[in-house]
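For what it's worth, UniProt numbering labels the leading residue of the sequence shown as 1, then goes sequentially.
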Amino acid sequence: MASVIIEKRANKSGTVSYRARVQQIHQKKVVDRISKTFKTKTLAKNWAVKIQKEMEEKYERVRAGVYRPENELIEATVGDLIRMYLEHPRLSKDIGRTKYYVLNSLLNYEISSILASNLRYSDLVKHCEERYNEPTTPSPQTIYHDVTYLKSVMDTAKGVFKVNADTSYHDEAIPVLINQKLIGRSKVRDRRPTREELKLMEERLIKRSQHRAAKIPFGDILQISLLTAMRVSEITNLKWTDLDHQNKTIVIRNRKDPRQKQGNDSEIPLLGGAYEIIARQPKDPENPKLIFPYNSRSITAGWQRVRKELGIENLRYHDLRREAASRLAEMGLPINIVARITGHKNINILHNIYAKIDIKEFGREGYAKYLKEENIQQPESEKPQS
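Structure follows, in structure tokens:
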């Protein structure tokens, strides 16, 4: 028998709505689910009773072997579609923390109560204006997350969920939103920690690791970040079986790539003492497969606490990845080799790093190296005075 659930909900403005959900369960698994949101409980209940009857009749035909699925699309609100997306066993696997938070937050706004098939560009503009005027004053870059993540959900409506949806609103809204400066792309960060900042951070992180209740080797993880350009989530996923002791390399599994979610593995060299740092890590009996069996969020949280204690401004853990890539560039490594190590598929990102390397330091070291390799006599005026 199909079950009915009616939930009372309220958005940020205090508007109350009722979400009716009808689902069919077979052998303890949900095999069919339809939901819709209404302004009153009576409307929600009447609709649910009607759908419950239709669903039970449908599964009577399924059991009798005479059911043929119809190709008609169902109607659902934007909020219902977002919930379907978040609950989908396959799609939900690839949702990052930011996207999950943004989509859940959208459920609290008026836009979530609009039918997906009726969503217009004016609705999106209105939503972005509402967000822009909030007391928290979100930036245009933050509001842009709402727009892009909502579009990714709407794109799955017909193909995955058989929900009637109109996605033309997006292309119509973007020029208006940009013109009104309601949305904007994130600025490219070029923040690099100074040597003094890194020294202070490392000293304080090591001190934090030496606390009797501490488990995370913050100092070692900091060095691995600087030597390999790995993301912290990649470091905490490293496996002992992927470490090549003979060639001093390691395989990074499932590196981040928007075009390929799984199977994007790469082998990188462990330069500058990275191998020795990894090799000396103790094996955890509870997680014997992992080299650094720690929660990546705990690592970044510890980093941020130390940064705040030291009064260092505008420095994120992810900036260490840029610092590592910049160091590789300043060593004179070709851009294609740096890309292999960092895992960048878009070389243009690395071009930005190469364009902002420390020219003065690179000039001094590179000039001396060039003279040596080309066997060019250094001018008398540039030789150090004895």
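The beta-carbon is built from N, C-alpha and C at its ideal position, and this holds for glycine as well.
Kindly list the residues whose CB is nearer than 6 angstroms to the CB of residue i, restricted to its own chain and excluding five residues on each side of it in sequence; keep chain order.
i    : result
L310 : L200
T167 : M154
V251 : D242, D265 and E267
V176 : V125
Within the continuous beta strand (DSSP E) that includes residue i, where are the two ends?
i    : result
V163 : Per DSSP, V163 belongs to no beta strand (DSSP E) and is neither H nor E.
H26  : V16 to H26
K199 : Here K199 belongs to no beta strand (DSSP E); instead the alpha helix (DSSP H) covers R195 to S209.
T249 : T249 to I252
V4   : S3 to A10
Considering residue i, what are the terminal residues of the alpha helix (DSSP H) in which it resides?
i           : result
V232        : V232 to I235
A274        : A274 to A279
residue 388 : Missing from the structure shown is residue 388; the chain here goes from 1 to 386 and no further.
Taking 7 angstroms as the cut-off, is the CB of residue i close to at least one heavy atom of the ligand FAD?
i   : result
A76 : Annotation note on the ligand FAD: not contained in the displayed structure, which lists no ligands.
Taking DSSP as the reference, what is the three-state secondary structure of residue i?
i    : result
R307 : helix
T40  : coil
A213 : coil
S35  : strand
P269 : strand
L238 : coil
L243 : strand
V30  : strand
I183 : coil
R340 : helix
K345 : coil
K256 : coil
For residue i, which residues in the same chain have their Cβ closer than 7 angstroms to its Cβ, ignoring the five residues on either side in sequence?
i    : result
G184 : P140, Q141 and Y144
E129 : L182
V163 : L73, I74, A76, L81, A116 and A157
L119 : V78, D166 and Y169
E172 : Y121
G159 : none
R208 : A214, F218, G302 and V306
Using the rule of at least 16 other Cβ atoms within 10 Å of the residue's Cβ for burial, across every protein chain shown, is residue i buried or exposed?
i    : result
E323 : buried
M1   : exposed
V188 : exposed
I25  : exposed
D146 : buried
I277 : buried
D94  : exposed
K29  : exposed
P193 : buried
D237 : One point to set straight first is that residue 237 is Asn, not Asp, in the sequence displayed. The residue in question, N237, is buried, as its Cβ has 16 or more Cβ neighbours within 10 Å.
Q304 : exposed
H344 : buried
D190 : exposed
Output needed for residue i: all residues of its chain with C-beta closer than 8 angstroms, excluding positions within five of it in sequence on either side, in chain order.
i    : result
A44  : I6, Y18, R19, A20, K36, T37 and F38
S296 : V232, S233, I235 and T236
N287 : P293
Y132 : P138, P140, I143 and L182
Check: Of all the beta strand (DSSP E) runs that stay within the bounds of the stretch 48–113, which reach a length of 3 or more residues?
Finding: none
Next item on the list: Quick one: which unbroken alpha helix (DSSP H) runs of 4-plus residues sit fully inside the stretch 111–165? Chain order, please.
Entry: 121–132, 140–154 and 157–161
Check: At what residue ranges does the stretch 285–335 contain a whole run of the alpha helix (DSSP H), taking only runs of 4 or more?
Finding: 296–310 and 319–330
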